[in-house]
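Please read the structure below before turning to the comments.
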Amino acid sequence: MDNDGRALAEFGLRIRSTRSVGGLSQEELAHRAGLHRTYVSSVERGERNIRLLSILTLATVLGVDPGSLVTGMTRPPAEETSK
């Protein structure tokens with residue numbers, strides 16, 4: 012898995028963990044966020060490069076600061092990832 016894939020997978024795990032702690036199903040999270048359940052599922056599996064507005068919406072529904080979902084995550088610049 013490349014660096015991008017690892018970052019997406021890590022973010023997905025953070026969404027899943029936060030959702031689970033809050034006692035929400037994927038379906039309920041998706042409904043409250045106005046998103047499709049399969050979209051939320053693919054985010055949690057690290058298959059989607061989620062947009063900022065969706066991050067903000069999911070964080071709001073989950074009751075967490077959006078920054079907490081990405082704290083400590085890094086992504087090397089493109090020139091470093093190709094080496």
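First residue of the sequence shown? That's 12 in this note's numbering, and the numbers climb one at a time after it. Beta carbons: idealized from backbone N, C-alpha and C, even for Gly.
Supposed close pair residue i, residue j - CB separation, criterion 8 Å
i          : j          : result
residue 73 : residue 33 : 6 Å
residue 30 : residue 40 : 5 Å
Residue i versus residue j - alpha carbon distance
i          : j          : result
residue 27 : residue 13 : 21 Å
residue 58 : residue 80 : 16 Å
residue 62 : residue 37 : 18 Å
residue 64 : residue 22 : 15 Å
residue 20 : residue 43 : 23 Å
residue 56 : residue 75 : 20 Å
residue 51 : residue 60 : 12 Å
residue 71 : residue 15 : 25 Å
Residue i classed as buried or exposed, judged by whether at least 16 other C-beta atoms fall within 10 angstroms
i          : result
residue 83 : exposed
residue 67 : exposed
Review point. Should the segment 41–50 be called in touch with the segment 76–89, which here means at least 3 C-beta pairs below 8 Å?
Key: Segments in contact, no.
* List in chain order: all unbroken alpha helix (DSSP H) runs of 4+ residues lying wholly within the segment 13–49. => Taken in chain order, the complete alpha helix (DSSP H) segments of 4 residues or longer contained in the segment 13–49 are 14–32, 37–44.
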